[in-house]
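Asks:
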Amino acid sequence: MIIREHYLEKIRPFLGKPVVKAITGMRRVGKSVFVRQIMELLSTEGVAPDAIVYVDMESLEYDFIRDYRALNDHVIARSAHVSGKIHVLIDEVQDISEWERAVASWSGQPDRYDVTITGSNSTLFSGELASKLTGRYVEIVLYPLSLREFRDFYPEVSTPEQLFQLYLRYGGMPGLRILDTLSDDTALLFLNGIHDSIVLKDIVRRQNIRNAALLDAICNFAYDNIANPLTASRVSAYLKSQQLKTNVQSVINYLRALEDAQLFSKVPRYDIKGKKYLEINNKFYASDVGLRHARVGFRAGDIAQLIENLVYTELCRRHDRVCSGEIDRYEVDFVAIKSSEPHYYQVTTAMDDPVTRARETRSLLAIPDNYPKTVISLAPVYGDRVQGIEVVSLLDFLLNPAVDQESDRY
Numbered sequence: 004m005i006i007r008e009h010y011l012e013k014i015r016p017f018l019g020k021p022v023v024k025a026i027t028g029m030r031r032v033g034k035s036v037f038v039r040q041i042m043e044l045l046s047t048e049g050v051a052p053d054a055i056v057y058v059d060m061e062s063l064e065y066d067f068i069r070d071y072r073a074l075n076d077h078v079i080a081r082s083a084h085v086s087g088k089i090h091v092l093i094d095e096v097q098d099i100s101e102w103e104r105a106v107a108s109w110s111g112q113p114d115r116y117d118v119t120i121t122g123s124n125s126t127l128f129s130g131e132l133a134s135k136l137t138g139r140y141v142e143i144v145l146y147p148l149s150l151r152e153f154r155d156f157y158p159e160v161s162t163p164e165q166l167f168q169l170y171l172r173y174g175g176m177p178g179l180r181i182l183d184t185l186s187d188d189t190a191l192l193f194l195n196g197i198h199d200s201i202v203l204k205d206i207v208r209r210q211n212i213r214n215a216a217l218l219d220a221i222c223n224f225a226y227d228n229i230a231n232p233l234t235a236s237r238v239s240a241y242l243k244s245q246q247l248k249t250n251v252q253s254v255i256n257y258l259r260a261l262e263d264a265q266l267f268s269k270v271p272r273y274d275i276k277g278k279k280y281l282e283i284n285n286k287f288y289a290s291d292v293g294l295r296h297a298r299v300g301f302r303a304g305d306i307a308q309l310i311e312n313l314v315y316t317e318l319c320r321r322h323d324r325v326c327s328g329e330i331d332r333y334e335v336d337f338v339a340i341k342s343s344e345p346h347y348y349q350v351t352t353a354m355d356d357p358v359t360r361a362r363e364t365r366s367l368l369a370i371p372d373n374y375p376k377t378v379i380s381l382a383p384v385y386g387d388r389v390q391g392i393e394v395v396s397l398l399d400f401l402l403n404p405a406v407d408q409e410s411d412r413y
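In this text, residue positions in the sequence shown follow the numbering used here: the first is 4, and each later residue adds one.
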């Protein structure tokens, strides 16, 4: 089992503290394994086994827990003989009716309960519960494996370049490790099964989707258009051209359902000079490129979109917020915010000629501040800088966070 140390470091300061820990991420991204790693961490820090109550809602062992009352009764029964603090960990909490009521009750007893929950929908903390727990919860988003984690899963791969090609094609879903070899015949079939499970459990059933064929068509269109502006009217026009009856509002609802299941992220657009978010031209990115290829296939011609998608997800792992940017009609691929400070990024396949260099740096040079600016290139570069802008290779960026941190110093 690979320890996901990056996420353990994020959650460690909050364990035992009076805040609800919410771990979100799409199904099969490794939340259950991560919860077990949290339990092991608690044990190494001296927490007795009886003081840990774990509920896995994907196990038949807990099938009797259907609502918040049964959940609360189970936790009380399991911990009645234990004095002091009880560490409650609920996996896939959204499968319990009105689970929010139990969590809100426990959070009001911080001397007795330390609560960690996981969920597969991005709106886990929306609505009434968010109001009740304002300032009393932290959310940690679990992503598919980074390239660094993928390397730990596949130490037998001989070179970083070969590792990257596998990662680019098959993505970072942890379950791939059960396969003896990664190939289109095995990996994409396996990933297609994961995708179908996510769509069925977290979208069709939970959202009461009536037209699964329409949902599938919208999903595939979004996959085909990752890293491009995507509007409901554009999707609707495409569907009508395919003789699929729909309307803009239905498309909006289905896109929201895909986001809520965390198959996609909608990335807001930010006016850098005006310092405001824009309502149009939002982009969609896939949570995992391997799941994308299981649905629409791998095409070498999509390489620019794919590397932009990989960079987006990696920036989400490292930063607090990520959006796309705009300045003087020029596009900035990403504005990544950490500790309230921005870092600007452009992503390109190469920086090997003056025309490309000018195109990829002009938007960054137009930004009137001194925050770090970086161009990430698929083609190898060697410690390059262009008018104060750091240029790094994609492979170095993905494998070595220090490369990114180094550019923050300029």
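For glycine and all other residues, C-beta sits at the position ideal for the given N, C-alpha and C. Bear in mind the structure is a predicted one, so any value in this text is a computation, not a measurement.
What are the residues that DSSP puts in a beta bridge with Cys-326?
Replies: Val-338
Asks: Tell me His-346's beta-bridge partners as DSSP assigns them.
Replies: Ala-339
Asks: Label Ser-268 either buried or exposed according to how many other C-beta atoms from any shown protein chain fall within 10 Å of its C-beta, with 16 as the threshold for buried.
Replies: By the neighbour-count rule (16 or more Cβ atoms within 10 Å), Ser-268 is buried.
Asks: By Cβ distance below 7 angstroms, which residues in the same chain neighbour Val-22 in space, the five residues on each side in sequence not counted?
Replies: Arg-139, Tyr-140 and Val-141
Asks: Which value, in whole angstroms, describes the spacing of the CA atoms of Ile-275 and Leu-402?
Replies: If I take the Cα positions, the gap works out to 29 angstroms.
Asks: With burial defined as no fewer than 16 other Cβ atoms inside 10 Å of the residue's Cβ, what is the status of Ala-405: buried or exposed?
Replies: exposed
Asks: Between the beta-carbon of Thr-249 and the beta-carbon of Leu-242, is there less than 8 angstroms?
Replies: yes
Asks: Are three or more beta carbon pairs between the region 115–129 and the region 4–13 nearer than 8 angstroms?
Replies: no
Asks: With a threshold of 8 angstroms, are at least 3 pairs of Cβ atoms found where one atom belongs to the region 311–328 and the other to the region 353–364?
Replies: no
Asks: Tell me the rounded alpha-carbon separation between Asp-94 and Arg-362.
Replies: C-alpha separation (whole angstroms): 47 angstroms.
Asks: Between Glu-311 and the rest of its own chain, which residues show a CB-CB distance below 7 angstroms, the 5 nearest in sequence each way excluded?
Replies: So the list reads Ala-230, Asp-336 and Val-350, once near-sequence residues are dropped.
Asks: In angstroms, rounded to a whole number, what distance separates the CA positions of Phe-400 and Arg-115?
Replies: 44 angstroms
Asks: Could you tell me the distance, in whole angstroms, from the CA atom of Arg-412 to the CA atom of Pro-375?
Replies: Any reading at Arg-412 must be qualified, since the residue scores a pLDDT of 47, below 50, and its modelled position is unreliable; no value is offered.
Asks: DSSP three-state label for His-198, please.
Replies: helix
Asks: Let me know if Val-358 comes out buried or exposed under the rule of 16 or more other beta-carbons within 10 Å of its beta-carbon.
Replies: exposed
Asks: Residues in its own chain within less than 8 angstroms of Arg-365 by CB, not counting five upstream and five downstream?
Replies: Tyr-333
Asks: Only counting the same chain, and skipping five residues up and downstream in sequence, which positions put a Cβ closer than 8 angstroms to that of Tyr-414?
Replies: Residue 414 falls outside the range modelled here, since the chain spans only 4 to 413, and no answer is possible.
Asks: Report the start-end ranges of each alpha helix (DSSP H) in the region 31–73 that is 4 residues or longer and not cut off at the edges.
Replies: 34–47
Asks: Return yes when the Cβ of Ile-26 is within less than 8 angstroms of the Cβ of Leu-145, no when it is not.
Replies: yes
Asks: Would Ser-35 pass as a contact of Asn-75 if the rule is Cβ separation under 8 angstroms?
Replies: no
Asks: When you compare the region 168–182 with the region 286–300, are there three or more beta-carbon pairs, one atom per stretch, that lie closer than 8 angstroms?
Replies: In the pairwise beta carbon analysis, the region 168–182 is classified as touching the region 286–300: at least three pairs are separated by under 8 angstroms.
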